Each structure stands twice: as structure tokens, then as C-alpha cells.
Amino acid sequence: MSLIWNETVETNPFMALSSDEDGCTFHATESSSADDEALKQDVEACLDKAVSLLNANVRNESLYFFVEWHPAQSVLKMLVTGTDKVCQAQTIPVCRFAAVDAERAAQVEFVELMKFWIKDYLSLVPGFMDFSLVAMFTDTDRDRARLV
Numbered sequence: 009m010s011l012i013w014n015e016t017v018e019t020n021p022f023m024a025l026s027s028d029e030d031g032c033t034f035h036a037t038e039s040s041s042a043d044d045e046a047l048k049q050d051v052e053a054c055l056d057k058a059v060s061l062l063n064a065n066v067r068n069e070s071l072y073f074f075v076e077w078h079p080a081q082s083v084l085k086m087l088v089t090g091t092d093k094v095c096q097a098q099t100i101p102v103c104r105f106a107a108v109d110a111e112r113a114a115q116v117e118f119v120e121l122m123k124f125w126i127k128d129y130l131s132l133v134p135g136f137m138d139f140s141l142v143a144m145f146t147d148t149d150r151d152r153a154r155l156v
């Protein structure tokens, strides 16, 4: 299924803004996929969107490309930060996985599957390799993130 992206300014339609996201533009979409193969394709489409926005988001001091999984809302968010892990991105892609309930979204097995899909995809996509960013994944907060 092809994802349809909508642009909103200073409003994340799926969750409350972090304090470092004031003034950001959100590219938001919603996935209705339920089975693993369709979910994987939609995660890859989200990563494609994030990679396509790297030119606009990366600065000289940028270091991390964060992929944040928010299980309570079933939301995937991707952004660029510096060493302080504070958002530097002007545009942030977010995707809500409507068919993934909060219980499944928080299961360790599902979180590890998401991390695997992200690692697998980012290791192959040439656009990401054009930037000197460290890929990080978290399902809690940025201070507890793990390398992809």
C-alpha cells in the first residue's frame, strides 16, 4: 500500500510535541497495514521519506539519525540531532501504524523486529550513506537509544 503524506506546521497529528520540536514541519502519514510484510514495506517507505529530507535537515554539527518508536501511540518518528540529542531537523516524518495496538507495539519481539527492518533497510539505501550520520533506534527516550 502506498502511503499518503500530509504536511503540518508545528503540529504532530499523532502525539504531543517535544520541547525541541517547536517550529518544525511534520510530514505525517498513517498505515493501516497489519501483517508483517506490509508493515515492513511501510516502515521502509517511512525511512525513504526521512532519507529524502536529509538534505534539508542535516547541518555541519549533525551527528545522529534517530528512529523513534513510540509504542503507546504506535508512532514511528525520524529526526536528525547533534551530539546533545536535541532535534535539529526542520522537517520530521511521522507515521502512525493504526492496525498495531499498543500491546503488540510494546512487545519486545515486535520492537526488535522493527529495529531489524530499520537496520536492514538503512544498511542498503544509498541515500543514507551519503551522510555521516550514526543511526540510532529507541523505543523509550533518546538517552537510552541503541545503535542500529
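Quick note on numbering: our numbering labels position 17 of the sequence shown as 25, and the sequence is numbered without any gaps.
Note that the Cβ used here is the ideal one computed from N, Cα and C, for glycine as well.
Please read these numbers as outputs of a predicted model, since none were measured by experiment.
Which residues share a DSSP beta bridge with Thr-37?
Numbered from 1 along the sequence shown, position 29 holds the residue referred to as residue 37. Looking at the DSSP assignment, Thr-37 forms a beta bridge with Cys-103.
To the nearest angstrom, report how far apart Arg-67 and Gln-96 are at their CA atoms.
Sequence index remark: in the sequence shown, residue 67 carries index 59 (1-based). Sequence index remark: in the sequence shown, residue 96 carries index 88 (1-based). For Arg-67 and Gln-96, the distance between alpha carbons rounds to 8 Å.
Alpha carbon to alpha carbon, how far is Leu-121 from Ala-143?
Within the sequence shown, numbered from 1, the residue matching residue 121 stands at position 113. Within the sequence shown, numbered from 1, the residue matching residue 143 stands at position 135. If you take the alpha carbons of Leu-121 and Ala-143, they lie about 16 Å apart.
Asn-14: which of Ala-24, Gln-115, Thr-89, Arg-104 sits nearest, CA to CA?
Looking up residue 14 in the sequence shown gives position 6. Selected option, being the one with the closest Cα: Arg-104.
Could you please give the first and the last residue of the uninterrupted beta strand (DSSP E) stretch that includes Met-86?
Locating residue 86 in the sequence shown gives position 78, where the first residue counts as 1. Counting along the chain, the beta strand (DSSP E) containing Met-86 begins and ends at 83-89.
What does Val-75 pair with, by DSSP beta-bridge criteria?
Taking the sequence shown and counting its residues from 1, the one referred to as residue 75 is at position 67. Paired residues: Met-86, Phe-145.
Would you please state the rounded distance, in angstroms, between the beta carbons of Ala-113 and Pro-79? I believe it to be under 8 Å.
Position 105 of the sequence shown, counted from the first residue, corresponds to residue 113. Position 71 of the sequence shown, counted from the first residue, corresponds to residue 79. Indeed they touch by this definition, with Cβ atoms about 4 Å apart.
Count the other CB atoms, across all protein chains shown, that sit within 10 Å of the CB of Pro-101; report buried if there are 16 or more and exposed otherwise.
Here residue 101 corresponds to residue number 93 of the sequence shown, with the count starting at 1. That one is buried.
Tell me whether the beta-carbon of Leu-61 lies closer than 8 Å to the beta-carbon of Val-75.
The residue labelled residue 61 in the question sits at position 53 within the sequence shown. The residue labelled residue 75 in the question sits at position 67 within the sequence shown. No, the pair does not count as a contact, with Cβ atoms beyond the cut-off.
So which of Thr-146, Lys-48, Val-119, Ser-41 has the shortest CA-CA distance to Leu-87?
On the sequence shown, position 79 is the one that residue 87 refers to. The residue with the shortest Cα to Cα distance from Leu-87 is Thr-146.
Would DSSP call Val-119 helix, strand or coil?
For this step, residue 119 is matched to residue 111 along the sequence shown. It is helical.
Does DSSP put Leu-155 in a helix, a strand or coil?
In the sequence shown, counting from the first residue as 1, residue 155 sits at position 147. Correct three-state label for Leu-155: strand.
Which term fits Asn-63, buried or exposed, when burial requires 16 or more other beta carbons within 10 angstroms of its beta carbon?
As a working mapping, residue 63 is identified with position 55 in the sequence shown. Flag for Asn-63 reads exposed.
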